[in-house]
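Participant:
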Amino acid sequence: MQGIFAQNRRLMSELAKAYEPQAVEEKWYASWLEQGHFVADPFSTKPAYSMVIPPPNVTGVLTLGHVLNNTIQDILARRARLTGHEVLWLPGTDHAGIATQTVVERRLRKEEKKTRHDLGREEFLRRVWEWKERHGGIIIAQLKKLGCSCDWGRERFTMDEAYARKVQEVFVDLYEKGLIYRGKRMVNWCPVSLTALSDEEVISKPQKGYLYHFRVEVIGEPGAFLEIATTRPETIMGDTAVAVNPRDPRYAHLIGKSVRRPLPIENRAALPIVGDAAVDFEFGTGVLKVTPAHDKTDYEIGLRHALPIIDIMNPDGTMNELAGEDFAGLDRFEARVEAVEKLRELGVLVREEPHESNVGFSERADVPIEPRLSEQWFLKYPKTGEARSAVRERLIQFFPERWEKVYDHWLGNIQDWCISRQLWWGHRIPVWYKGVSGSSTGEAQSAVRCQIASPGEGWTQDPDVLDTWFSSWLWAHETMDDATRKKFYPTSVLVTGPDIIFFWVARMIMAGLEYMHEVPFRHVYFTGIIRDKQGRKMSKSLGNSPDPLDLIAKYGADGLRFGLMRIAPQGQDIRFDEQQIIEGRNFCNKLWNACRFRLLQGPVDAGANPWDHELSIFAKDLLSKLDGAMARIESGYAGYRFSEIAQTLYDFVWAEFCDWFIEAAKADFSDPARKAGTLATMDYALRRILLLLHPVTPFVSEELWHGLGFGSGSIQFAEWPRAKGTVPEPKAAKVFGAVTTARTLRATYNLPSNKRLRWLLQTGEDWVNSELTAVGVLLNAETIQSVDARPAHAAACPTEIGVFFLPLEGVVDPSTERNRLEGEMAKVQAEVQKVQRKLATDSFVQNAPPEVVSDHRKRLETWTARLETLRGAREALGE
RNA sequence: GGGCAGGUAGCUCAGCGGUAGAGCGGCAGUCUUACACACUGUUGGUCGGGGGUUCGAUCCCCUCCCUGCCCACCA
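Given below as C-alpha cells:
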C-alpha cells in the first residue's frame, strides 16, 4: 500500500495545477476498451440492464443532439454497472436510405458528372458501400470521444447481412398475413428524390402565396359563370370536374350541369359539376376544381364520382404533354405563373388574393411534395391495439408522461404505411414478377411471388426498396442473438428524441409485440431538442450549431457532458450556451484540485470509516449533507431528472465540500486530535463523490479514483454508495452563518479579504470556544480570541454563535468610513421599519400560522442585526 | 382549426399556496498555505397581461398575449 501512495503522490504532484482532459480521456478510453469493460455477458448472473442506441445515420457526424442523447445513455449504463448490473448498450448505425443515397449521388455528380443511372444499379450500390466503408465510421469514432460505453463488438448496421435477411423475412411474413399489400394510391411524392414518402416524412410549412379566383362558363346557360378559387392554377389542365356542396343554396341547382375548363386552350373540355359534401362552402367561393391526379381530397372526390384521372406531371415535377403545348416541359412553379398569365389573357382571372396555406414539404429534399398517384407497397400496421394499451396501461412508461397522449393520438388515427421507396440504397422488396417488370408507375403483373430468393428463370424482382424505418423498427430485437435476447430483451429503457416518436418508437413497439410478443423496452425517455440562445433549432444553414468535437477539444468530454446535463431539464427544450460548458469544465477542475489538495495532506485511506473517529461538527455536517445529496440523486435517477442529478453534485462538491468543509478542515490539519477524523471524512466523502460523479464525468472520476488510490480496478465496477442515515449537525450551519456575517462586516469597511485581522468573539456557548481555530481560518484571521465584554473602538456584529468584534484602530480611516456607514444605516433602518410595520399592522399576520410570523421575525432579525452591525461600526469609529 | 410545452434577476434554470432562489454575468476587493477554470463580499426581479378563489397566489381556476413544437385533406 505504501508503494501505491508514494506513486500517487508523485503522480499528482507532477500534474498541472489545472485538470487537462485530453491525455486523461484518451488514456482511459483505451484502457476501458482493452479491459473489455463495456462487453455485455449474456450468461452473467447479475441482473440485466440494457439499451439499444438510436442508430445514427451512417452518413452522420456528431451533433449536440447526439451528445445529449448519448450522454444520457452513457450515464444510465455506467450507473447500472455501478449498481451491480450486467449492462448491454448496443451500438450501431442506420443505412438511412434517402440521406445516404443523396450524399453519394451528389458526389458522383460533382466528381464524375454522372448520375446513378449512368453507373447502373449494381455499380452504384458498390459505390455506396465503398463510401460507407470509408466514411461510415466517423460518428462511431466521435461517440467514443464522448466516452460512450457501448459494447462495440456488437456494433450493428441495418444493412448487415443477417439483419437485412430478417427485414425481408418480416416483409414476407406480413405479406403472408395479408398486412402488406400493393396498390395504386395517392402518395406523397418527392420530385427531387423521385420517390414516394410516408406521411411522417412530410412536414407542413406555412407558405405565402395567392388564392387565384377565375371564372368558368356554365355550358348551356349563356352568361352564367362559376367563380373558382385555387392555389394551384397549374393543375387546371388536369381538372376533370367542378364540385360544390349539395347543401349550398348558391350552387346546388347547378349540379349535373357542366362547365368549360379554360386550359389548356387547345383542349377546353367540358367538366361535370358534381355535388360532394367534402366541399367547404365557407372557403373561397365554395366551388372546388377537382384534380384527381394531383390532390388527395380531389382524388377521393374523383373516386366517389367515377371521374377520369389526368396526370399532367412527370415524376420530377415538370409538366407533361397532357398539360398541353403551352405547358409541357415547364416546371410546376413555372407552369403556375404561365397558367395565371393564360387565365389573364382569356379574361377569366377575377383576382389574386394573398393567401397563406400549409404546404407539405419533403423532409429530406426540402421541396414541396407532390400528391401523386402511383403503385406502391403499403403496410397495415400490426398490433396497433396492443401497442396502444401497452402504453396506456404503463407496461411501457414514458418520461415525461405527456408524450403518452401524443403517442395515443397517433395510434388512434393511424393510416397505412407506404413502405416502398423508389431508391436503390436499401432493402430490396422481396417480391418477384413474371413477365412484365414491376414499376412504380404500375402496370398489372401477370404473376407475383413474395419470397426472398428468386423463384427462377424469367422472374424479375421488384425494383423498389423499403423505407429505412421498415428496418429500424426491428432494431430492438434483431440486433441481438438468441442468448442476448434471452438475457437482455426487453431492454430497460430507450433514450430518444420526441421527433421520432412515430417514425421509430411507436413502430418498434408494434414490431416488438408482433415478433417478440413482448414490448421492446420498459421505459422511454424523451430528451429535449437543443436550440441556440435565441431559441432557434440548431441547423447547418443557420451555422448556429457548434461542433461537439471542438467543444470536447476545448473543455473536455466531461466538461461538455456535465455542462449539458446541468441545463437539460426533463424533456424540455434546451437552450444551448457555451458558457454552460465552460462551467462544466470549471467544475471538473474544481474537483481535480480538491483531490490534489487532499493528496497534499498525506496518504489516502481507501476504506476510511469516519465513524471510527471523533468527528468535528464540520465532518458530521458534511456526512449528513452527503446523505442528502445521495437521496436527491437517487430520486433524480428514478425520474430521469438529469439536471437535478448534475446540479446536486455541483452544489455538494463545490459549496459543501470545497467552500465549507475543506476550508474549515484546514484548521484541523495542525490539530492531531482532529486530523484523523477529518481526513477519514474527507476520504470517505471523496470516494463517494467520485462514484456519484462517474456516470456523468467518467474520465476525470476514473483518473482521480486511481490518483487517490481508491482501487486498482476501474471505478465503474466499484460499489454504488448508499445513504447512511446520518443526522444533521446544526452547529456547523451556525458557524458558517456567523462567518458569513463576520466577513460581511469586514467588507463593510472595505477591508481586503487577504488582510489578516485580529478578531474577538464574545460567546455564551462552550462549544463555540472549541471551534475558534476553525472560525479563524474561515475568516482568514490573524488571531481570534474569546472575550467577555465589548472592547472599545471595535466594530461589532451579532451572530448565532455570539458577537464578533473587530478592533478598528489602525485598520481603517475613520473620516472616510463614517459618511458611507451613515448612508448604509439609513437604508437598513427603512427596511427594519417596513417589517416592523407589517408585524404590527397587518391583520392577517396577527392571526397567521406560526411559520408565517416566524418568517417575518427572521427577516426582522436579519435586518436588525445588520443595522446593529452598522451602528456598531459607526460607533466604533468615534466622532 | 385542434393539442402540448414554455414565458421567474442581463443569461441558463430551480421553486409550484405562506410573501422569490442558485449558478454564471455585472460591480467592488483579493494571486488569503488545492483551484484566478479560483476566493470574499455585493448589486439585480410589481415571477408575460388582466380577472377570480383564498386571510394570503409565482404556485390553483378563468381569460388574453407572446414563443416553440406536434397533429389536421379546407382547395
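Under this note's numbering, think of the first position of the first sequence as 12, with each following residue one higher. Just so it is clear, CB atoms sit at the ideal spot from N, CA and C, and this is done for glycine as well. Quick caveat, the model's predicted, so the values are computed rather than measured.
Suppose you measure from the CA of V530 to the CA of F663; what does that come to, to the nearest Å?
Facilitator: Sequence index remark: in the first sequence, residue 530 carries index 519 (1-based). Sequence index remark: in the first sequence, residue 663 carries index 652 (1-based). Looking at the two C-alpha atoms, the distance is approximately 39 Å.
Participant: Taking all protein chains shown into account, decide if T74 is buried (16 or more other Cβ within 10 angstroms of its Cβ) or exposed.
Facilitator: Sequence index remark: in the first sequence, residue 74 carries index 63 (1-based). Buried is the call here.
Participant: Assign Q153 to one of two classes, buried (16 or more other C-beta atoms within 10 Å of its C-beta) or exposed (fewer than that).
Facilitator: Here residue 153 is taken as the residue at index 142 of the first sequence, counted from 1. Classification of Q153: buried, given that the 10 Å Cβ count is 16 or more.
Participant: Please list the terminal residues of the continuous beta strand (DSSP E) segment that includes K216.
Facilitator: By 1-based counting over the first sequence, the position of residue 216 is 205. Its beta strand (DSSP E) spans residues V213 to E228.
Participant: For T502, report the span of its beta strand (DSSP E) as first-last.
Facilitator: For this step, residue 502 is matched to residue 491 along the first sequence. Segment T502 to T507, the beta strand (DSSP E) holding T502.
Participant: What are the start and end residues of the alpha helix (DSSP H) that includes K686?
Facilitator: Residue 686 sits at position 675 when you count from the first residue of the first sequence. Start and end: P683 to L704.
Participant: May I ask which residues mark the beginning and end of the alpha helix (DSSP H) holding S482?
Facilitator: Counting from 1 along the first sequence, the entry for residue 482 is found at position 471. S482 -> alpha helix (DSSP H) spans W480 to S483.
Participant: Does the stretch 642-657 touch the stretch 755-770, meaning 3 or more C-beta pairs lie closer than 8 Å?
Facilitator: Not touching, per the Cβ criterion.
Participant: Would V348 be called buried (16 or more neighbouring beta carbons within 10 Å of its own) or exposed?
Facilitator: Within the first sequence, the letter at position 337 stands for residue 348. Exposed, because fewer than 16 other Cβ atoms sit within 10 Å of the Cβ of V348.
Participant: Have a look at E345, K631 and S723 and flag the residue whose alpha-carbon is nearest the alpha-carbon of E740.
Facilitator: Mapped onto the first sequence, residue 740 falls at position 729. Selected option, being the one with the closest Cα: K631.
Participant: Report buried or exposed for N780, applying the criterion of at least 16 other Cβ atoms within 10 angstroms of its Cβ.
Facilitator: Working through the first sequence from its first residue, we reach residue 780 at position 769. N780 should be labelled exposed.
Participant: Rounded to whole angstroms, what is the Cα-Cα separation between R518 and D105?
Facilitator: Position 507 of the first sequence, counting from 1, holds the residue named residue 518. Position 94 of the first sequence, counting from 1, holds the residue named residue 105. The alpha-carbon atoms of R518 and D105 are separated by roughly 16 Å.
Participant: Under three-state DSSP, which class holds G194?
Facilitator: Taking the first residue of the first sequence as 1, we reach residue 194 at position 183. Three-state DSSP puts G194 in a strand.
Participant: Residue range of the beta strand (DSSP E) that C461 falls in?
Facilitator: The residue labelled residue 461 in the question sits at position 450 within the first sequence. Where C461 is concerned, the enclosing beta strand (DSSP E) stretches over A458 to C461.
Participant: Just reading off the beta strand (DSSP E) that A207 is part of, what are its end residues?
Facilitator: Your numbering for residue 207 matches position 196 in the first sequence. T206 to L208 is the span of the beta strand (DSSP E), which, as asked, contains A207.
Participant: Going along the chain, which residues of its own chain have a beta-carbon closer than 8 Å to the beta-carbon of I512, five neighbours each way excluded?
Facilitator: In the first sequence, counting from the first residue as 1, residue 512 sits at position 501. If we look at I512 and ignore the five residues flanking it on each side, its Cβ neighbours are W414, V417, Y418, W421 and F537.
Participant: Look at the alpha carbon of D171 and the alpha carbon of K177, and state the distance between them as a whole number of angstroms.
Facilitator: Start at 1 with the first residue of the first sequence, and residue 171 comes out as number 160. Start at 1 with the first residue of the first sequence, and residue 177 comes out as number 166. Cα to Cα, the separation comes out at about 10 Å.
Participant: Since T471 sits in a beta bridge, which residues does DSSP pair it with?
Facilitator: Within the first sequence, residue 471 is the residue found at index 460, counting from 1. BP columns for T471 point to Y444.
Participant: Could I get the ranges of all uninterrupted beta strand (DSSP E) runs contained in the stretch 403-437, with 3 residues as the minimum, in chain order?
Facilitator: Whole beta strand (DSSP E) segments, 3+ residues: 408-410.
Participant: Buried or exposed: which applies to M12, given that a residue is buried once 16 or more other Cβ atoms fall within 10 Å of its Cβ?
Facilitator: The count along the first sequence starts at 1 and reaches residue 12 at position 1. Low local confidence applies: a pLDDT of 34 at M12 is under 50, so the model's placement there is unreliable, and no value is given.
Participant: Is F409 near V506, with beta carbons less than 7 Å apart?
Facilitator: Working through the first sequence from its first residue, we reach residue 409 at position 398. Working through the first sequence from its first residue, we reach residue 506 at position 495. No, the pair does not count as a contact, with Cβ atoms beyond the cut-off.
Participant: With 16 other CB atoms within 10 Å as the buried threshold, where does Q433 fall?
Facilitator: For this step, residue 433 is matched to residue 422 along the first sequence. Counting Cβ neighbours within 10 Å, Q433 comes out buried, since at least 16 surround it.
Participant: Can you find the residues in the same chain that come closer than 7 Å, C-beta to C-beta, to Y40, ignoring five residues on each side of it along the sequence?
Facilitator: Numbered from its first residue, the first sequence carries residue 40 at position 29. K155 and G158, listed in sequence order.
Participant: Just to confirm the assignment, what range does the beta strand (DSSP E) spanning M62 have?
Facilitator: Taking the first residue of the first sequence as 1, we reach residue 62 at position 51. Unbroken beta strand (DSSP E) run through M62: A59 to V63.
Participant: Taking buried to mean at least 16 other C-beta atoms within 10 Å of its own C-beta, is V753 buried or exposed?
Facilitator: Your numbering for residue 753 matches position 742 in the first sequence. Correcting the residue type first, residue 753 is Ala in the shown sequence and not Val. That one is buried.
Participant: How many whole angstroms separate the CB atoms of V229 and K195, which I take to be in contact at a CB cut-off of 8 Å?
Facilitator: Looking up residue 229 in the first sequence gives position 218. Looking up residue 195 in the first sequence gives position 184. Rounded, the Cβ-Cβ distance is 33 Å, inconsistent with contact.
Participant: What are the boundary residues of the beta strand (DSSP E) that T241 is part of?
Facilitator: Within the first sequence, residue 241 is the residue found at index 230, counting from 1. Run containing T241: F236 to T241, per the beta strand (DSSP E) assignment.
Participant: Between A785 and A640, how many whole angstroms is the CB-CB distance? I'm expecting something under 8 Å.
Facilitator: Counting from one through the first sequence, the residue named residue 785 turns up at place 774. Counting from one through the first sequence, the residue named residue 640 turns up at place 629. At roughly 22 Å, the Cβ-Cβ gap does not stay under 8 Å, so A785 and A640 are not in contact.
Participant: For Q153, does the three-state DSSP call read helix, strand or coil?
Facilitator: Here residue 153 is taken as the residue at index 142 of the first sequence, counted from 1. Q153: helix per DSSP, three-state reduction.
Participant: Check whether the Cβ atoms of V198 and S482 sit closer than 7 Å, and answer yes or no.
Facilitator: Position 187 of the first sequence, counted from the start, is the residue given in the question as residue 198. Position 471 of the first sequence, counted from the start, is the residue given in the question as residue 482. No, the pair does not count as a contact, with Cβ atoms beyond the cut-off.
Participant: In terms of alpha-carbon separation, which member of S503, K353 and G220 lies closest to E363?
Facilitator: The residue given as residue 363 occupies position 352 in the first sequence. Considering only alpha carbons, the answer is G220.
Participant: When you compare each of R167, E133 and T113 to P102 by their alpha carbons, which one comes out closest?
Facilitator: Start at 1 with the first residue of the first sequence, and residue 102 comes out as number 91. Answer by Cα proximity: R167.
Participant: Anyone know if the C-beta pair for A252 and V298 falls short of 7 Å?
Facilitator: Position 241 of the first sequence, counting from 1, holds the residue named residue 252. Position 287 of the first sequence, counting from 1, holds the residue named residue 298. No, the Cβ-Cβ distance between A252 and V298 is not below 7 Å.
Participant: Is the beta carbon of I593 closer than 7 Å to that of G76?
Facilitator: On the first sequence, position 65 is the one that residue 76 refers to. On the first sequence, position 582 is the one that residue 593 refers to. Not closer than 7 Å, so no.
Participant: Can you tell me the Cβ-Cβ gap for A599 and V711, rounded? I've got them flagged as a contact below 8 Å.
Facilitator: Within the first sequence, numbered from 1, the residue matching residue 599 stands at position 588. Within the first sequence, numbered from 1, the residue matching residue 711 stands at position 700. The amino acid at residue 599 is misidentified as Ala; the sequence shows Cys. Right, the Cβ-Cβ distance comes to about 5 Å (below 8 Å), so this counts as a contact.
Participant: Pick out whichever of A806, R403, A350 and K742 has its Cα sitting closest to the Cα of L768.
Facilitator: Within the first sequence, residue 768 is the residue found at index 757, counting from 1. The shortest Cα separation from L768 among A806, R403, A350 and K742 belongs to A806.
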